[in-house]
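Student: Please find one structure pasted underneath; my questions will follow.
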Amino acid sequence: MANRNVPIPRRQLYIGGEWREPVKKKRIPIINPATEEIIGDIPAATAEDVDIAVEAARKAIARDDWGSTTGAQRAKYLRAIAAKVLEKKSVLATLESLDSGKTLFESAADMDDVAGCFEYYADLAEALDSRRKIPVNLNSDSFKTYVLREPLGVVGLITPWNYPLLMAIWKVAPALAAGCAAILKPSELASITCLELGEICREIGLPSGALNILTGLGPEAGGPLASHPHVDKISFTGSGPTGSKIMTAAAQLVKPVSLELGGKSPIVVFDDIDNLDIAAEWTLFGIFVNTGQVCSATSRLIVQESIASAFLDRLLKWTKNIKISDPLEEDCKLGPVVSAGQYEKVLKFISNAKSEGATILYGGERPQHLKKGYYVQPTIITDVNTSMEIWKEEVFGPVLCVKTFKTEEEAIELANDTKYGLAAAVMSKDVKRCERFTKAFQSGIIWINCSQPTFNQLPWGGKKRSGFGRDLGEWGLESFLNIKQVTEYTSAEPWAFYKSPSKN
Ligand SMILES: NC(=O)c1ccc[n+]([C@@H]2O[C@H](COP(=O)([O-])OP(=O)(O)OC[C@H]3O[C@@H](n4cnc5c(N)ncnc54)[C@H](O)[C@@H]3O)[C@@H](O)[C@H]2O)c1
Ligand SMILES: NCCCC=O
Ligand code: NA
Numbered sequence: 001m002a003n004r005n006v007p008i009p010r011r012q013l014y015i016g017g018e019w020r021e022p023v024k025k026k027r028i029p030i031i032n033p034a035t036e037e038i039i040g041d042i043p044a045a046t047a048e049d050v051d052i053a054v055e056a057a058r059k060a061i062a063r064d065d066w067g068s069t070t071g072a073q074r075a076k077y078l079r080a081i082a083a084k085v086l087e088k089k090s091v092l093a094t095l096e097s098l099d100s101g102k103t104l105f106e107s108a109a110d111m112d113d114v115a116g117c118f119e120y121y122a123d124l125a126e127a128l129d130s131r132r133k134i135p136v137n138l139n140s141d142s143f144k145t146y147v148l149r150e151p152l153g154v155v156g157l158i159t160p161w162n163y164p165l166l167m168a169i170w171k172v173a174p175a176l177a178a179g180c181a182a183i184l185k186p187s188e189l190a191s192i193t194c195l196e197l198g199e200i201c202r203e204i205g206l207p208s209g210a211l212n213i214l215t216g217l218g219p220e221a222g223g224p225l226a227s228h229p230h231v232d233k234i235s236f237t238g239s240g241p242t243g244s245k246i247m248t249a250a251a252q253l254v255k256p257v258s259l260e261l262g263g264k265s266p267i268v269v270f271d272d273i274d275n276l277d278i279a280a281e282w283t284l285f286g287i288f289v290n291t292g293q294v295c296s297a298t299s300r301l302i303v304q305e306s307i308a309s310a311f312l313d314r315l316l317k318w319t320k321n322i323k324i325s326d327p328l329e330e331d332c333k334l335g336p337v338v339s340a341g342q343y344e345k346v347l348k349f350i351s352n353a354k355s356e357g358a359t360i361l362y363g364g365e366r367p368q369h370l371k372k373g374y375y376v377q378p379t380i381i382t383d384v385n386t387s388m389e390i391w392k393e394e395v396f397g398p399v400l401c402v403k404t405f406k407t408e409e410e411a412i413e414l415a416n417d418t419k420y421g422l423a424a425a426v427m428s429k430d431v432k433r434c435e436r437f438t439k440a441f442q443s444g445i446i447w448i449n450c451s452q453p454t455f456n457q458l459p460w461g462g463k464k465r466s467g468f469g470r471d472l473g474e475w476g477l478e479s480f481l482n483i484k485q486v487t488e489y490t491s492a493e494p495w496a497f498y499k500s501p502s503k504n
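The letter at position 237 of the sequence shown is residue 237 when you use UniProt numbering, and the numbering goes up by one with no holes.
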């Protein structure tokens with residue numbers, strides 16, 4: 001077992017390059033979901049702190065040491081942050097697991113991804129210098145024109161708890177690469193590693209106010225950020241209902257938002273797959289990785305009737321083999337869900353499914369060997385119909401629901417039978433069929449013969465009620481840039497639209 005005695009740092013809000021006590025001096029307890037114990041606390045920002053952070057951010061973009069930097073200069077900061085994350089990887093990963101219940105293996109992988117994301121946007125920041133000013137040829141003797149890409153300004157980044165540091169970095173890295181000044185508001189359920197990012201920024205000498213970190217409750221800290229008149233954009237990842245509130249607040253000021261929301265993504269498995277085990281493992285990974293708390297989790301298995309029984313049998317064998325334990329234990333593959341609230345919510349979804357007539361084929365309860373902690377067995381639910389809650393609503397826990405299909409048309413209809421549109425997967429060795437599904441799936445992310453692999457280079461985001469806008473890739477950077485056209489009149493001749501008074 002890894003060292004569970006890693007001390008939990010007692011931090012303040014990170015504003016203007018320093019640690020600052022919240023104006024109202026309030027704090028929120030940190031709960032370890034594996035033990036249900038309070039292991040520390042985080043500062044609780046309110047509207048007063050948001051005002052101070054926005055002011056610090058505005059000063060940063062007005063100052064030369066941040067506001068006049070080139071992409072190459074900003075890349076140096078991003079690379080220094082990446083190096084520090086790797087240097088502190090073991091402690092950061094342990095803190096992430098203690099705070100969120102994520103297995104230590106997954107937390108360590110997240111820290112690699114965090115560093116990789118900073119490195120990736122360092123490259124893009126450098127490349128931005130040559131794309132900052134693009135001439136546009138009008139074939140005109142009278143006008144010279146060009147287009148500038150410039151930082152959008154002060155941006156608010158509001159993020160969830162499921163990948164606490166990684167989801168924040170998907171926004172922080174491109175925002176800093178673009179030259180914006182950012183205010184990050186992580187989830188109150190798991191903020192430790194985001195606060196440690198503040199310490200890293202302090203250590204590497206990131207210019208003050210370029211990144212500010214305000215922990216606190218959603219309505220008290222996130223709300224004032226979303227409605228702040230001097231915040232130029234909100235980039236949000238989280239639930240649909242909160243996304244709606246943020247959009248409503250931002251709409252009052254016509255403030256742009258990007259929303260990465262939830263999902264109920266399908267995985268369609270055809271009977272032509274060569275290897276049931278390979279398909280079974282991807283199906284499991286698609287729903288049980290991170291204990292199912294993944295926005296893109298493929299939580300609806302749609303399997304061809306002819307192999308349904310054999311496939312479910314194989315899924316069960318793989319599922320029974322999953323080690324459920326304290327997330328710091330070696331080889332743990334399924335930790336607790338993040339909080340008491342999430343635990344109750346997941347169990348309620350399972351009991352509602354039962355009451356609506358579905359069958360709990362496997363799991364559905366707390367594992368017998370774990371008396372404390374917010375643990376839920378990996379759960380597979382069959383006899384599901386399309387009017388059931390379990391088919392329609394995002395559980396955000398280790399719960400897979402299963403339906404069978406006969407024809408390709410039926411599979412497509414079932415796959416798209418959701419208000420969400422984040423991700424979708426198809427498993428088949430028929431290349432043409434996979435192409436047909438790629439076109440037919442109503443979502444922003446398509447996986448073929450796999451589920452969940454995620455790369456910094458590719459756009460991340462959805463359609464329908466999964467939101468709009470894209471994180472990651474060049475699209476993630478563009479979302480923090482303002483496009484400015486510049487038109488210069490270069491002719492020595494008068495414009496001659498009005499009659500000149502000298503000709504009267
Ligand atoms: N599409 C994606 O990329 C993606 C990634 C991860 C998670 N998610 C989604 O996130 C959800 C789970 O995360 P969660 O429970 O942290 O979501 P949430 O909406 O409860 O909270 C997200 C963030 O919003 C803040 N917040 C809450 N109320 C607010 C308000 N009134 N004003 C401003 N901010 C407020 C929270 O404090 C937190 O920082 C799931 O629905 C999941 O699918 C989506
Ligand atoms: N693989 C990372 C997925 C992020 C969304 O929850
Ligand atoms: Na926690």
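Note that beta-carbon positions come from the ideal geometry of N, C-alpha and C, so glycine has one too. Just so we're clear, the structure is a prediction, and the values are computed from it rather than from any experiment.
(1) Going by DSSP, what residues sit across from E150 in a beta bridge?
(2) Does the distance from the CB of I28 to the CB of I15 come in under 8 Å?
(3) Whose beta carbon lies closer than 7 Å to any heavy atom of ligand 3, going through the chain in order?
(4) A182 by DSSP, collapsed to three states: which one?
(5) Are three or more beta carbon pairs between the stretch 274-291 and the stretch 436-443 nearer than 8 Å?
(6) Can you grab the Cα-Cα spacing for the pair L253 / I322, in whole Å?
(7) Is any heavy atom of ligand 2 found at a distance shorter than 7 Å from the C-beta of C295?
(8) For the beta strand (DSSP E) containing S235, name the first residue and the last one.
(9) For the alpha helix (DSSP H) that V23 lies in, which residues bound it at each end?
(10) May I ask whether a heavy atom of ligand 4 can be found less than 7 Å away from the beta carbon of M167?
(11) Do L189 and V172 have their CB atoms nearer than 8 Å?
(12) Could you compute how far the alpha carbon of A353 sits from the alpha carbon of T379?
(13) Compute the beta-carbon to beta-carbon distance between V91 and V6, rounded to the nearest angstrom, for a pair I have assumed lies under 8 Å.
(14) Which residues bound the alpha helix (DSSP H) around V114?
(15) Using a Cβ distance threshold of 8 Å, determine whether the stretch 334-348 contacts the stretch 364-375, with at least three qualifying pairs required.
(16) What's the gap between the Cα of Q342 and the Cα of L138?
(17) Between L214 and Q12, what straight-line distance do the alpha-carbon atoms span, to the nearest angstrom?
(18) Can you check whether the CB of A226 is closer than 8 Å to the CB of residue 510?
(19) Relative to the C-alpha of D331, which candidate in P22, N3, P174, E106 has its C-alpha closest?
(20) In whole angstroms, what is the alpha-carbon distance linking W447 and N385?
(21) Apart from the five residues just before and just after I72, which ones in its own chain have a Cβ nearer than 8 Å to its Cβ?
(22) Count the other CB atoms, across all protein chains shown, that sit within 10 Å of the CB of W170; report buried if there are 16 or more and exposed otherwise.
Tutor: Reading it off the structure:
(1) N482
(2) no
(3) I30, I31, N32, P33, D99, S100, L189, A190, V338, S339
(4) strand
(5) no
(6) 49 Å
(7) yes
(8) 233-237
(9) No alpha helix (DSSP H) holds V23; DSSP gives it neither H nor E.
(10) This structure does not include ligand 4; its bound ligands are ligand 1, ligand 2 and ligand 3.
(11) no
(12) 12 Å
(13) 6 Å
(14) 104-131
(15) yes
(16) 57 Å
(17) 9 Å
(18) Residue numbering for the chain in the displayed model covers 1 to 504; residue 510 lies beyond these limits and cannot be assessed.
(19) E106
(20) 24 Å
(21) Here the sequence assigns Ala to residue 72, which means Ile is not the residue at that position. Within the same chain, A72 has close Cβ partners A125, E126, D129.
(22) buried
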